[in-house]
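Peer 1: Residue numbers for the sequence shown follow the working numbering, so the first one is 318 and each next one is one higher.
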Amino acid sequence: MKHFILALAASFAISLSACSQSNKTKENNMEAKTLVAYFSATGTTAEVAKTLATAAGADLYEIQPEQPYTDADLDWTDKQSRSSVEMNDRDFRPAIKGKVEHLDSYGTVYIGFPIWWYTAPTIINTFIEQNYLKGKKIFLFATSGGSNVKKAEKELKSAYPELNIQGSKLLNHPTSEEIKKFAEEGK
Ligand SMILES: Cc1cc2nc3c(=O)[nH]c(=O)nc-3n(C[C@H](O)[C@H](O)[C@H](O)COP(=O)(O)O)c2cc1C
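(1) Quick one: give me the first and last residue of the beta strand (DSSP E) that Lys459 is part of.
(2) Could you name each continuous alpha helix (DSSP H) segment of 4 residues or more that falls completely within the region 422–495, going from the start of the chain to the end?
(3) By the DSSP assignment, the beta strand (DSSP E) with Val417 in it spans what residues?
(4) Around the Cβ of Val402, are there at least 16 other Cβ atoms within 10 angstroms (buried) or fewer (exposed)?
(5) DSSP on Lys497, reduced to helix/strand/coil?
(6) Compute the distance between the beta-carbons of Lys453 and Tyr427, then report whether it is under 8 angstroms.
(7) Which class does Ala375 belong to by DSSP, given the choice of helix, strand or coil?
(8) Kindly give me the distance between the Cβ atoms of Ile432 and Val466, rounded to whole angstroms, as I take these residues to be in contact under 8 angstroms.
(9) Roughly how many whole angstroms lie between the Cα atoms of Gly463 and Asp421?
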């Protein structure tokens, strides 16, 4: 009887381990999806994000501030406007409404934003710090009135050295070829 119980326990242990192996294999084989996450205060980056998501076959996620930005908030000529005050304090983290569902299922994440004061708005820091992105391929993209995205890339890489930020692209009035090429980079 004792032998029988031991044999039963051993076979149970073997089948459990086989089962967990097969789950692991399933996880490894499961094709990781792509996410295009973006913040857009006045709609320009949103349009680009939608086109990119379509080209990449990606899911789309809007990074929404808990308190939306009004026109007065966005007035960069006013030193007291919300965006000026926030961007003057690089440690400030504007709160985000909602969250990304099933973040684990994404292997590549594009993060898009408008350039504010030559860099990424601090809500992008909130997004990065609230979502576990380690191990994922990350690409940045931005729209602007002319400034490029390289300062934002440099600053985000230096703030989050543990992340795999592969590159960045300024997508001001992008052609469909440009979008297609950028979408291919994440594959
Ligand atoms: C607060 C603020 C700061 C900005 N700073 C810059 C800047 O430094 N360089 C630039 O080229 N454009 C700047 N812009 C313009 C935006 O980057 C540009 O209009 C962008 O396409 C807006 O994107 P959105 O419609 O997705 O918010 C700024 C806009 C705002 C509201």
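Virtual Cβ for every residue (Gly too), placed ideally from N, Cα, C.
Peer 2: Per the coordinate set shown:
(1) In the sequence under discussion, the amino acid at residue 459 is Ala, which differs from the Lys named in the question. Per DSSP, Ala459 belongs to the beta strand (DSSP E) from Lys454 to Thr460.
(2) 439–447 and 467–476
(3) Here Val417 belongs to no beta strand (DSSP E), and DSSP marks it neither H nor E.
(4) Burial check for Val402: the Cβ neighbour count within 10 Å stays below 16, so the residue is exposed.
(5) Lys497 falls in the helix class under three-state DSSP.
(6) no
(7) coil
(8) 7 angstroms
(9) 35 angstroms
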